[in-house]
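Undergrad: I have a structure I would like to understand better, so I am pasting it below and will then ask my questions one at a time.
Here it is in structure tokens:
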């Protein structure tokens with residue numbers, strides 16, 4: 001047992017006693033729901049048909065993994081996450097550089113550009129659905145009428161793209177917020193020196209600003225990815241996963257199984273697959289981010 | 001200071017509620033207009049039954065269904081009265097989830113309930129739920145547009161005629177679309193309508209061995225017709241239009257025709273709620289190959305779960321809310337077009353209702369011609385007009401509804417969508433053990 005200068009001990013049994021309750025509680029908190037999900041995923045358990053019950057073996061998983069809808073949902077999830085990340089990181093970086101410049105009313109402009117992040121997802125989706133993208137009453141329809149272009153019925157002709165636009169609108173401000181704070185920590189002297197050496201604004205952005213933002217960008221990617229994998233409200237409010245399966249992601253797929261089909265077994269199996277998927281993503285992410293953070 | 005005042009008050013309130021010995025029952029219901037009126041009449045009920053207090057849980061249809069199903073399947077016992085549809089009642093009754101209602105008071109006059117509605121709620125001769133309001137489907141049209149185009153409405157329109165009329169009155173430049181129909185996916189939304197269309201084109205959900213027939217020629221013809229009709233003469237964004245959206249479109253004068261629930265008639269005929277009240281025409285639901293199953297049958301009913309602790313109080317409430325006196329109470333206080341329709345013969349015999357609601361005969365006729373036991377041209381193993389009364393139907397209807405939504409949106413061809421729907425229904429039925 002080592003003794004610190006402060007007199008507190010580190011490690012040993014006493015610590016175990018002190019940490020024990022908290023750790024146990026956290027473990028229970030995590031393990032009980034996880035265990036129940038695993039248990040249900042091996043049960044024949046449909047809420048509206050209790051006649052069919054008992055151990056299902058791998059049935060729930062086989063039905064799920066051979067269901068073409070699952071793969072469509074996975075593909076949509078990846079497309080959704082990928083596109084929103086690309087848009088919000090690229091857009092966020094450019095906006096961060098822009099909003100770093102001095103201009104009149106910068107404070108208010110910054111506040112406004114960050115605002116979408118503070119709108120609840122359901123409310124944001126409703127605004128987009130009924131006020132912007134609506135084919136009859138929407139602002140976009142009015143604009144294209146004004147320009148003499150054909151009106152786009154967003155949610156039925158390009159459902160996934162519409163969802164990507166809405167989600168990106170919500171998450172770009174978050175990227176902007178983080179990247180803007182990162183840019184503010186950029187050393188002015190460095191930029192000044194580069195400028196005196198004859199570097200243009202593009203070169204400064206490419207060789208100084210962007211490398212400086214590398215860490216912040218990986219943090220943005222990590223946090224956003226965790227939240228984007230579980231996007232639900234936007235889909236629920238606007239397209240309900242449709243038309244067909246065109247905008248069903250994994251979260252919505254599990255929702256359909258659990259609360260529209262009432263198939264608890266199948267939904268739990270879907271949940272387990274989602275957990276595995278999220279962990280695979282997390283392992284890759286943490287590795288790359290950790291590498292970036294070490295330097 | 002503030003606390004000093006509040007505490008005695010709270011204490012007094014608790015005492016008062018103990019002193020009254022009132023039994024509180026929790027009623028879960030859907031946020032439709034007729035139920036909101038029922039909630040508004042809480043005081044009337046509590047005045048007549050001082051020993052019963054009502055507590056309301058009013059939810060949107062899908063959410064209500066989720067809450068009720070999870071509660072009843074897990075024996076939760078949160079609710080004493082549940083608002084359920086004709087689809088759930090026979091299935092839940094079979095699971096012994098609902099209280100049998102075989103000893104209703106004489107004054108309730110069970111025989112007054114419309115026969116198709118009563119039959120739909122009975123299992124082996126006894127009732128398991130009491131109908132609050134019932135509906136079938138019918139066609140609404142704009143008499144002014146029909147007159148201008150010189151169209152005469154026959155006694156029984158056919159779908160071919162409807163297509164022809166839609167082409168004549170379709171005028172999107174002036175914001176009038178030929179026909180509005182449900183497009184929002186869901187077994188209770190677009191599939192309620194599409195099922196009746198398939199019925200009248202001669203199709204059915206399952207053959208006698210429970211093999212699905214979703215990609216049969218009849219289905220392809222019916223769904224193809226529906227998709228073409230909506231693409232040519234429907235409003236834009238039809239895939240997100242359900243009952244409520246179409247009602248808003250029709251009552252603001254944007255649709256020439258609309259085939260949907262008879263329960264919309266009261267609202268459309270009410271000049272406060274509708275701009276087309278004075279140019280509203282009624283007709284029976286159109287038919288194609290066969291009149292069988294062309295109009296649906298649905299009722300919202302009040303039932304008591306076996307998990308309730310206050311079954312007697314709950315029974316007092318549901319017999320009150322579905323009684324003849326209740327209908328008269330609503331007629332006197334809210335106006336006769338607002339009474340819950342489609343449940344009792346006495347409502348349709350009432351001269352005050354006949355005078356206020358010119359659509360009454362259509363509704364009564366539509367309900368009485370819908371027969372859940374014989375709704376398809378070829379024989380079928382199931383009961384239900386626009387539903388199949390088996391537990392798996394929610395999943396099946398949701399899947400097929402999604403695919404037809406995709407076909408309507410043009411994401412997929414009708415054939416491809418129906419083939420995919422067929423495969424997914426086969427999977428669901430195999431998983432449920434109907435065949436290997």
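Residue numbers (the UniProt record's numbering), protein chains in the order written: chain A, 1 to 295; chain B, 1 to 436.
Beta carbons: idealized from backbone N, C-alpha and C, even for Gly.
1) Please list the segments of the beta strand (DSSP E) lying wholly inside the segment 227 to 306 of chain B, counting only runs of 3 or more residues, in order along the chain.
2) If contact is defined by three or more beta carbon pairs under 8 Å, each pair taking one atom from either stretch, is the segment 218 to 231 of chain A in contact with the segment 369 to 376 of chain B?
3) Just the chain B side, please: which residues come within less than 9 Å of residue 262 of chain A by C-beta, in chain order?
4) Sorted by chain position, which residues of the same chain lie with C-beta nearer than 6 Å to residue 54 of chain A's C-beta, five sequence neighbours on each side aside?
5) What did DSSP end up calling residue 103 of chain A once you bin it into helix, strand or coil?
6) Can you tell me whether residue 343 of chain B is buried or exposed, with buried defined as 16 or more other CB within 10 angstroms of its CB?
7) Out of curiosity, what's the CA-to-CA distance linking residue 280 of chain B and residue 261 of chain B?
8) Could you name the residues of chain A that residue 431 of chain B contacts, counting a contact when the two beta carbons are closer than 7 Å?
9) Would you mind sorting residue 75 of chain B into buried or exposed? The rule is 16 or more other CB atoms within 10 Å of its CB.
10) Here's the rule I'm using: 16 or more other beta-carbon atoms within 10 Å means buried, otherwise exposed. How should residue 291 of chain A be labelled?
11) Would you say the segment 226 to 238 of chain B touches the segment 158 to 178 of chain B, given that touching needs at least three Cβ pairs under 8 Å?
12) To which residues of the same chain is residue 229 of chain B closer than 7 Å at the C-beta, ignoring the five residues directly before and after it?
13) DSSP on residue 223 of chain A, reduced to helix/strand/coil?
14) Give the DSSP bridge partners of residue 82 of chain B, in chain order.
15) Taking 8 Å as the threshold (C-beta atoms), are residue 116 of chain A and residue 299 of chain A in contact?
16) Would you say residue 237 of chain B lies against chain A (beta-carbon separation less than 8 Å)?
17) Which bits of chain A does residue 182 of chain B rub up against, with CB to CB less than 8 Å?
18) Check each candidate in B/378, B/132, B/325 and name the one with the smallest Cα separation from residue 36 of chain B.
19) Leaving out the 5 sequence neighbours to the left and right, which residues in its chain are closer than 8 Å to residue 425 of chain B when beta-carbon positions are compared?
20) Out of B/303, B/381, B/334, B/345, which has the shortest C-alpha to C-alpha gap to residue 27 of chain B?
21) Helix, strand or coil, according to DSSP, for residue 29 of chain A in the structure here?
22) Please return the same chain residues whose Cβ sits closer than 7 Å to the Cβ of residue 251 of chain A, not counting the five positions on each side in sequence.
23) Where DSSP assigns a beta bridge to residue 179 of chain A, which residues make up the other side?
24) Taking residue 226 of chain B as the reference, which of B/245, B/197, B/254 has the closest Cα?
25) Could you tell me whether the Cβ of residue 50 of chain A comes closer than 8 Å to any Cβ of chain B?
26) Give the range of the beta strand (DSSP E) segment to which residue 334 of chain B is assigned.
27) What distance in whole Å lies between the Cβ atoms of residue 217 of chain B and residue 259 of chain B, which are believed to be in contact at a cut-off of 8 Å?
28) Residue 204 of chain B bridges to which residues according to DSSP?
29) At a Cβ threshold of 8 Å, is residue 172 of chain B touching chain A?
TA: In short:
1) 255 to 261, 280 to 284, 297 to 303
2) no
3) 66, 69, 70, 73, 391, 394, 395
4) 44
5) coil
6) buried
7) 15 Å
8) 63
9) exposed
10) exposed
11) yes
12) 163, 166, 179
13) helix
14) B/28, B/303
15) With chain A covering 1 to 295 only, the question about residue 299 of chain A has no answer from this structure.
16) yes
17) None at all; the shortest Cβ gap to chain A is about 14 Å.
18) B/132
19) 212, 214, 396, 399, 400
20) B/303
21) helix
22) 230, 231, 232
23) DSSP output for residue 179 of chain A lists no bridge partner at all.
24) B/197
25) yes
26) Premise fails: residue 334 of chain B lies in the alpha helix (DSSP H), 324 to 334, not in any beta strand (DSSP E).
27) Incorrect: roughly 23 Å between the Cβ atoms, too far for contact.
28) DSSP output for residue 204 of chain B lists no bridge partner at all.
29) no
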